[in-house]
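Asker: In my numbering, the protein residues as written are 2 to 134.
#1: Taking all protein chains shown into account, do 16 or more other C-beta atoms lie within 10 angstroms of the C-beta of residue 88, making it buried, or fewer, making it exposed?
#2: Starting from residue 92 and walking both ways along the alpha helix (DSSP H), at which residues does that stretch end?
#3: In angstroms, rounded to a whole number, what distance separates the CA positions of residue 69 and residue 58?
#4: Among all the DSSP beta bridges, which residues are the ones paired with residue 26?
#5: According to DSSP, is residue 112 part of a helix, a strand, or is it coil?
Structure (structure tokens):
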């Protein structure tokens, strides 16, 4: 099963609907900040939202501030990205360099020039209709 980022509207709903249901207030600017950082990816949106709710519960507040959101984003990046360490360690140094370059440049736009065969073996990338994912 291949998962893709949500549409911006669906990603926004993933934050705003549950927030309303539990009485959490968050500004549109802070929702946008979360969406930009997560790339509209449900896993990361839910992770950051979870940590935001935990942070507000500790403070016994129901209104998220920009400072709360910034703090949770910074902490979430450290925690959530560490969960991918095991994948990183399963690929060769050359493949790590390619992954780094792809991430830095926003994706595999130059996929026709790179050898991604080793990534397929460990499930990091797949090729469908000439597009590497």
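No residue lacks a Cβ here, since even glycine has one placed at the ideal position from N, Cα and C.
Answerer: If we stick to the structure as given:
#1: Note on residue 88: under 16 other CB atoms within 10 angstroms of its CB, so exposed under the neighbour-count rule.
#2: Counting along the chain, residue 92 falls outside any alpha helix (DSSP H), and DSSP gives it neither H nor E.
#3: Roughly 12 angstroms separates the two Cα atoms.
#4: BP columns for residue 26 point to 64.
#5: In this predicted model, residue 112 has a pLDDT of only 46, less than 50, meaning its place in the structure is not dependable; the value taken from the coordinates is given anyway. In this structure, residue 112 counts as helix in the three-state DSSP scheme.
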